[in-house]
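Written below as structure tokens is the structure these notes are about.
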Amino acid sequence: AADVPSALFNCSAQAWNHAFYWDSMSPGAVEAPSGELLAALERSFGSLDAFNTQFAAAAVGNFASGWTWLVAGTGGLQILNTDDADTPLRHGQQALLTIDVWEHAYYLDYQNARAAYVDAFIEHLINWEFASANYALGS
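Residue numbers (the numbering used here): 36 to 174.
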């Protein structure tokens, strides 16, 4: 990424981030994670509820425009905030799911109530099947 012109990187990364975001949302009823991903979430965060709380806090607290990610790294699962067009790939981490916290992602429905948007995403939209498939690719 260091040799890629910044405009090209930013446009490419934003296209990738947005495609990943759409895939991170389930078109139907959300089912809780299971199997290996659930076990990894419990190892890394203590419980699914603890992950949800920490993910929400990170997303709500992500200053300005960016993304909040669930990633797999050498130390297990982690929550990562990135700014602007940054991606976990630049940090050597495997993305499992993401939420877009740029205002354009939620403003028409939630105005400035980012916390309500994040809560709705966690409770009704996370595509755990997609996250599990991504986790399986790296484990």
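Here a beta-carbon is modelled for each residue, glycine too, at the ideal position from N, C-alpha and C.
Counting of Cβ neighbours within 10 angstroms places G111 among the exposed residues, the total staying below 16. Spanning the alpha carbons of H159 and P40 requires a straight line of approximately 38 Å.
Taken in chain order, the complete alpha helix (DSSP H) segments of 4 or more residues contained in the stretch 63 to 87 are 70 to 80. The straight-line gap separating the alpha-carbon atoms of T103 and Q146 is approximately 19 Å. With fewer than 16 other beta carbons inside 10 angstroms of its own, D144 counts as exposed. When the alpha-carbon of A64 is set against those of G101, N162, A75, the nearest one is in N162. Less than 8 Å separates the beta-carbon of G101 from that of N116. Considering only A168, A42, L172, G173, the residue with the shortest C-alpha distance to P68 is A168. Take the alpha-carbon of I157 and the one of Q129: they are about 20 Å apart. For W102, no alpha helix (DSSP H) segment is defined; the enclosing uninterrupted segment is the beta strand (DSSP E) at 101 to 108.
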